[in-house]
Each structure stands twice: as structure tokens, then as C-alpha cells.
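If you count the sequence shown from 1, position 127 lands on 115 in the working numbering, and the numbers rise without skipping.
Below you'll find the structure, written out as C-alpha cells, and then a few comments.
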Amino acid sequence: MLELSKGAEAIIYKSGNKIIKERIKKSYRIHELDVKLRKYRTKIEAKLLNEARRVGVNTPRILEIKDFSIVMEFINGKKVKDILNKISPEEREAISFEIGKNIGKLHAYGIVHGDLTTSNMILSKGKVFFIDFGLGFFSKRIEDLATDLSVLKESLKATHYKYLNEIWNKIIEGYKISNPQWKEVLAHLKKVETRGRYIKRN
Ligand SMILES: Nc1ncnc2c1ncn2[C@@H]1O[C@H](COP(=O)(O)OP(=O)(O)O)[C@@H](O)[C@H]1O
Ligand SMILES: [Mg+2]
-11 MLELSKGAEA IIYKSGNKII KERIKKSYRI HELDVKLRKY RTKIEAKLLN EARRVGVNTP
49 RILEIKDFSI VMEFINGKKV KDILNKISPE EREAISFEIG KNIGKLHAYG IVHGDLTTSN
109 MILSKGKVFF IDFGLGFFSK RIEDLATDLS VLKESLKATH YKYLNEIWNK IIEGYKISNP
169 QWKEVLAHLK KVETRGRYIK RN
């Protein structure tokens, strides 16, 4: 098994065309609580991945769920983060539109990703796959959906600043198509953003 990445929450291994995502122990937590939390987060992440695919969003297929790990299909492609600044404007707009359309779908079904960044999207065979629902949850609250978008926008500012406007406009265009509640969510997003600026200034 090849260790692909080690984050704060999980280690990712690759074995053939499988990925194993294993939630690691946090030693600062009481053991019993740590076990409970990791089991719970593993289960919910698997549920979110499956539910997202059920509503038509591309996610890796789950092959096996264990207490602390998910075995899933390896998505052979490139992280959107690594390509989005390098491709043609037409491709960038098309991919951004797809991203928005998919997020709208997730939100329309009450799936909050929780960590929307272009590091958690893989472009494979011309399709955008969403991975890493490790911070996700089920909610239809406008505030939760708006926050999900706000996290994405902030991360785009950091990684795709040069093309921020064209990327964001296309994402929103796609989002509007698939989430009937887009008006409320975008209005709330504005509030979230103003609040952010207010907090920063003071
Ligand atoms: N199903 C998968 N197919 C291909 N690569 C994956 C897959 N799952 C994870 N990875 C790779 O491992 C990295 C970390 O996985 P991720 O689920 O995002 O965990 P973390 O919570 O540590 O960010 C991803 O950015 C991606 O490069
Ligand atoms: Mg990740």
C-alpha cells in the first residue's frame, strides 16, 4: 500500500485502483470519545458520498466501510486545483459551470460538503468528481448552504485569484440551474460575506 497523503484527520492509501481513507486517532481526545467520533465521521462520510452519487453528483464508488476507514474507487485524474489556472478560458468556464451545477445539486438535496475547495475535486475523463466529504453533513438550512459556498469562494481567492471573477460567475450560473433555492442562498451568502469583512475590520 502506498501512502498518498496524510492530513489532520485521515491518511489516504492507494492499493491498485482502490483508495483507503483511514481516520486517525487523535491522542488529545479521551479514547472512548475518539473511537465514537471517528466511527461516526466515517459512517457519515460514506453516507454522504453515496447520497451525492444517488442524486447525480460524481463521487468515488464505495467498496467497503469499516469502523475507521472507507475503501473506495480510485479516481484517476487531476486535481482541479492543479489544472484550473492552466487550461483555456473556455475549458475553465465549462469546468466552473460544472462545479456550480454539482454543488447546486448537492444543496438541493440537503447535502453540505463542508470543505469545498478545488483540492477536493478531481477532473477525470472530462467529468468533475467530488471527494472528501469528511466535514460534510445533511442540512437544508440556508445558512449552512451559504456557508458551504463561502468556504469555496474564500479558497478560490487563495488558489485561483487571477481568474476569480470568471470562475465564480460560472459557478453561480451553474448553481442557479440546479438549486431552486438559489436566491435565498445567494442573498444569505452576501450577509455572510459582509459579516466576514466586519469581523476582519474590527
Ligand atoms: N477516491 C480518490 N481517488 C483519487 N484520489 C483520491 C481519492 N480520495 C482521496 N484522494 C487523494 O487524497 C487526497 C486527500 O484525500 P481527502 O479525502 O481529501 O482527505 P483529507 O481530509 O486529508 O483532505 C486528495 O486530495 C486526493 O489527492
Ligand atoms: Mg481533502
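Beta carbons are placed, not taken as given, at the ideal position from N, Cα and C, and that holds for glycine.
Beta-carbon gap between residue i and residue j smaller than 8 angstroms
i, j, result
"residue 199", "residue 67", "Residue 199 is absent from the model: the chain starts at -11 and stops at 190."
"residue 37", "residue 148", "no"
"residue 162", "residue 113", "no"
"residue 118", "residue 64", "no"
"residue 2", "residue 62", "yes"
"residue 103", "residue 120", "yes"
"residue 81", "residue 158", "yes"
"residue 9", "residue 22", "no"
Residue i in three-state terms, based on DSSP
i, result
"residue 5", "coil"
"residue 112", "strand"
"residue 170", "helix"
"residue 184", "helix"
"residue 16", "coil"
"residue 44", "coil"
"residue 190", "For residue 190, the pLDDT reaches just 49, beneath the cut-off of 50, and the residue's location in the model is therefore unreliable, although a value from the coordinates is still provided. DSSP places residue 190 in coil when its eight states are reduced to three."
Option nearest residue i by Cα separation, candidates the options
i, options, result
"residue 7", "44, 36, -7", "-7"
"residue 173", "48, 156, 128, 151", "128"
"residue 97", "155, 64, 168, -3", "168"
"residue 42", "29, 0, 93", "93"
"residue 100", "135, 3, 51, 44", "135"
"residue 106", "141, 131, 31, 69", "69"
"residue 5", "19, 59, 166", "59"
"residue 78", "176, 151, 179", "151"
"residue -3", "11, -9, -10", "11"
"residue 184", "26, 159, 139, 108", "139"
"residue 154", "87, 24, 21, 171", "87"
"residue 85", "122, 165, 29, 175", "165"
"residue 28", "124, 81, 95", "124"
"residue 32", "53, 91, -1", "53"
"residue 122", "-9, 34, 18", "34"
"residue 108", "48, 25, 130", "48"
"residue 39", "-11, 26, 95, -10", "95"
"residue 115", "19, 130, 83, 16", "83"
"residue 176", "26, 142, 156, 137", "137"
"residue 91", "76, 156, 51", "156"
Identity of the residues DSSP links to residue i by a beta bridge
i, result
"residue 10", "-1, 57"
"residue -9", "1"
"residue 179", "According to DSSP, residue 179 bridges with nothing at all."
"residue 67", "110"
"residue 50", "60"
At what residue ranges does the segment 70 to 145 contain a whole run of the beta strand (DSSP E), taking only runs of 3 or more?
-> 109 to 112, 115 to 118
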